[in-house]
Amino acid sequence: MRQTHQAPDSITIVTDRQSSSGVFARRHGRVRTHAQRLVTHVRIAMGVRPTIAGVTAGGKRQITLMTTFAQLGVPRDLVQRLARDGIETPFPVQRAALPDALSGRDLCGRAPTGSGKTLAFSIPLAISATAAAPGRPTALVLVPTRELAAQVADVLRPLAETRGRSVATFYGGTNIARDQRRLRHGVDIAIACPGRLADLVRRSDLRLGEVRSVVIDEADRMADMGFLPEVKWLLDQTADERQTLLFSATLDRDVDVLVRRYQRDPARHELASAPERRGDVRHYFWQAVAGERVEIARDIVRTMAPAIVFTRTKRGADRLTRQLNRHGVRAAAIHGNRSQSQRERALADLTKGRVAALVATDVAARGIHVDNVGVVVHFDPPASDKDYVHRSGRTGRAGADGVVVTLVPPDRSSDVRSIQRTLDFREHLDTADLRCLRDRSTGHRRTAAPAGRSTPRSGSRRPAGNGQRRSASTRRARNRRRGARAAR
Ligand code: ADP
Ligand code: MG
Numbered sequence: 006m007r008q009t010h011q012a013p014d015s016i017t018i019v020t021d022r023q024s025s026s027g028v029f030a031r032r033h034g035r036v037r038t039h040a041q042r043l044v045t046h047v048r049i050a051m052g053v054r055p056t057i058a059g060v061t062a063g064g065k066r067q068i069t070l071m072t073t074f075a076q077l078g079v080p081r082d083l084v085q086r087l088a089r090d091g092i093e094t095p096f097p098v099q100r101a102a103l104p105d106a107l108s109g110r111d112l113c114g115r116a117p118t119g120s121g122k123t124l125a126f127s128i129p130l131a132i133s134a135t136a137a138a139p140g141r142p143t144a145l146v147l148v149p150t151r152e153l154a155a156q157v158a159d160v161l162r163p164l165a166e167t168r169g170r171s172v173a174t175f176y177g178g179t180n181i182a183r184d185q186r187r188l189r190h191g192v193d194i195a196i197a198c199p200g201r202l203a204d205l206v207r208r209s210d211l212r213l214g215e216v217r218s219v220v221i222d223e224a225d226r227m228a229d230m231g232f233l234p235e236v237k238w239l240l241d242q243t244a245d246e247r248q249t250l251l252f253s254a255t256l257d258r259d260v261d262v263l264v265r266r267y268q269r270d271p272a273r274h275e276l277a278s279a280p281e282r283r284g285d286v287r288h289y290f291w292q293a294v295a296g297e298r299v300e301i302a303r304d305i306v307r308t309m310a311p312a313i314v315f316t317r318t319k320r321g322a323d324r325l326t327r328q329l330n331r332h333g334v335r336a337a338a339i340h341g342n343r344s345q346s347q348r349e350r351a352l353a354d355l356t357k358g359r360v361a362a363l364v365a366t367d368v369a370a371r372g373i374h375v376d377n378v379g380v381v382v383h384f385d386p387p388a389s390d391k392d393y394v395h396r397s398g399r400t401g402r403a404g405a406d407g408v409v410v411t412l413v414p415p416d417r418s419s420d421v422r423s424i425q426r427t428l429d430f431r432e433h434l435d436t437a438d439l440r441c442l443r444d445r446s447t448g449h450r451r452t453a454a455p456a457g458r459s460t461p462r463s464g465s466r467r468p469a470g471n472g473q474r475r476s477a478s479t480r481r482a483r484n485r486r487r488g489a490r491a492a493r
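When we follow the working numbering, the leftmost residue of the sequence shown carries the number 6, and every step to the right adds one.
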């Protein structure tokens, strides 16, 4: 695999709690503080825009300065258009692909679903497309399904329109006369499924000779669905001097044929198949008799919010929510008896900081996709290792660090030990100790497995418990051992 030049992922500044809390205060329109000035200085000096990650560690706040779209070469009008939709920080596939694609190079990208490929090609396409004569688009996106065509159009259209370019979708099962009318008006960028596009070409409603920018999206699915002969027939009619961007979840033999035949020295970017970067997640298992659990949970939430707290039952979730609120910690419940709008409101409350904790049951958790969850608390221990992995996966998302605490009543300790054994944790329960949550050198760690997989591929055989420090060198040594194990 060859990697071309890439901007750094992010730069992180850690400030002390006192001054950085001012940064948070300022977000709510109050004082300007030392830390805010620091952020401004860095922004001016380095040209990067700060994202403040609400990660608390050792009483410190982390301010992460991310690579921006502008730094990757995206023109300002498009940067502003993206920002209007809340898209400010490029995803890894975008960081990898944009510099090459914007330089006009062919590109062959392998990345998993949900990694953000659509923007990675929509931005360059919106820029490279030129004004089309009737029936002669200048840019083409080939997609396997009509759903995908519609999705791509939703992402591409606002960018294209910012640049004064028109977009239209073409796929079967729709009125072809409408397609013909639109083409007569002129379509700059065509997003099409191969079948309907070939139809329009055969009827001479559309010619591909002016197409100088081509995207083949989901090339593997295109191959699976038997579209390759049509795709080739269409590509053969596009301009010779052409930029071709190809995206696929796999780059096997069929797709490779397209790469070799239709791409010129493409930049290759292959992203790992994990759909998101996982941060460093520390796991704690604390003994807690029933009477103590609410107070411990409250203290954890206070220390590490935003939090997601899991209970076994819906009634348990409602009860704990009331108890937390009574104890001065704002919480909202999310479970099967609550309506979709109540759930959505609860999620929004957590993201916006209006509540510190969501109290959830397992089923409800499947719909929770919130970044920057500081801690997951298993108030009731999970029923299985699978549930443990799934619940715990709510933190440590999008590269942020996270903490997971399981509160273990005496009658559940043997279940929890068996979960520890399966997931390759040390079988051990500690006494509750809030101080160690802030100390990043403590806790059990394992390589987080994606939700739903019951056995981790790797894990630490001798993780540190409460208060036990592990130096960077032992960590490095362990990683080496792990690497060696994995290589075997
Ligand atoms: P893929 O084509 O790789 O499966 P998509 O392009 O459909 O992935 O993107 C997945 C989701 O991520 C979409 O909901 C999209 O809006 C969102 N997304 C993509 N890039 C960004 C970004 N830079 N910032 C925020 N959200 C993004
Ligand atoms: Mg896609």
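Glycine residues also receive a C-beta, built at the ideal position from the N, C-alpha and C atoms.
Give me whichever residues DSSP pairs with residue i in a beta bridge.
i, result
"I194", "A144 and V172"
"L161", "None; L161 has no bridge partner."
"V219", "L145 and T249"
"G114", "F252 and H274"
"D304", "In DSSP, D304 forms no bridge with anything."
"T400", "In the DSSP output, where bridge partners are listed per residue, T400 has none listed."
"I313", "L363 and V381"
Helix, strand or coil for residue i, going by three-state DSSP, please let me know.
i, result
"V262", "helix"
"V98", "helix"
"V236", "helix"
"F430", "coil"
"R32", "Caution applies to R32, whose pLDDT of 47 falls short of 50 and renders its modelled position unreliable; the model cannot decide the point."
"V382", "strand"
"A362", "strand"
"D210", "coil"
"A337", "strand"
"H353", "According to the sequence shown, residue 353 is Ala rather than His. If DSSP states are grouped into helix, strand and coil, A353 belongs with the helices."
"D241", "coil"
"V394", "helix"
"V79", "coil"
"D438", "coil"
"A138", "strand"
"A203", "helix"
"V60", "Low confidence applies here, because V60 scores a pLDDT of 40, under 50, leaving its location unreliable; read the following figure in that light. Three-state result, V60: strand."
"P387", "coil"
"R547", "Nothing can be reported for residue 547: it is not among the residues displayed for the chain, which extend from 6 to 493."
"T167", "helix"
"R497", "The shown model of the chain, from 6 to 493, leaves out residue 497, and the question about it has no answer."
"D416", "helix"
"S344", "coil"
"S108", "coil"
"S478", "Residue placement at S478 is flagged as unreliable, the pLDDT there being 37, under the threshold of 50; a coordinate-derived value is accordingly withheld."
"D257", "coil"
"R186", "helix"
"R269", "coil"
Just to confirm the assignment, what range does the beta strand (DSSP E) spanning residue i have?
i, result
"E275", "A272 to E275"
"V409", "G407 to V413"
"V375", "No beta strand (DSSP E) holds V375; DSSP gives it neither H nor E."
"R287", "V286 to Q292"
Can you have a look at residue i and say buried or exposed, based on whether 16 or more other CB atoms are within 10 angstroms of its CB?
i, result
"P311", "buried"
"V294", "exposed"
"Q76", "buried"
"Q242", "exposed"
"N342", "exposed"
"T316", "buried"
"E223", "buried"
"P199", "buried"
"H190", "exposed"
"G114", "buried"
"H433", "exposed"
"R320", "exposed"
"A62", "Confidence in A62 is poor, its pLDDT being 44 and thus under 50, which makes the residue's placement too unreliable to answer from."
"G178", "exposed"
"I194", "buried"
"T318", "exposed"
"S135", "It should be noted that the sequence gives Thr, not Ser, for residue 135. Flag for T135 reads exposed."
"A154", "buried"
In terms of residue numbering, what span does the alpha helix (DSSP H) encompassing residue i cover?
i, result
"F126", "K122 to S133"
"I92", "Unbroken run through I92: none, as it is neither H nor E."
"A322", "K319 to R331"
"D225", "A224 to D229"
Using 7 Å as the cut-off, classify the Cβ of residue i as near or not near the heavy atoms of the ligand FAD, replying yes or no.
i, result
"D222", "You won't find the ligand FAD in this model; what it holds is the ligand ADP and the ligand MG."
TODO: List in chain order the residues whose CB is within less than 6 Å of at least one heavy atom of the ligand ADP.
DONE: I92, T94, P95, F96, Q99, A116, T118, G119, S120, G121, K122, T123 and L124
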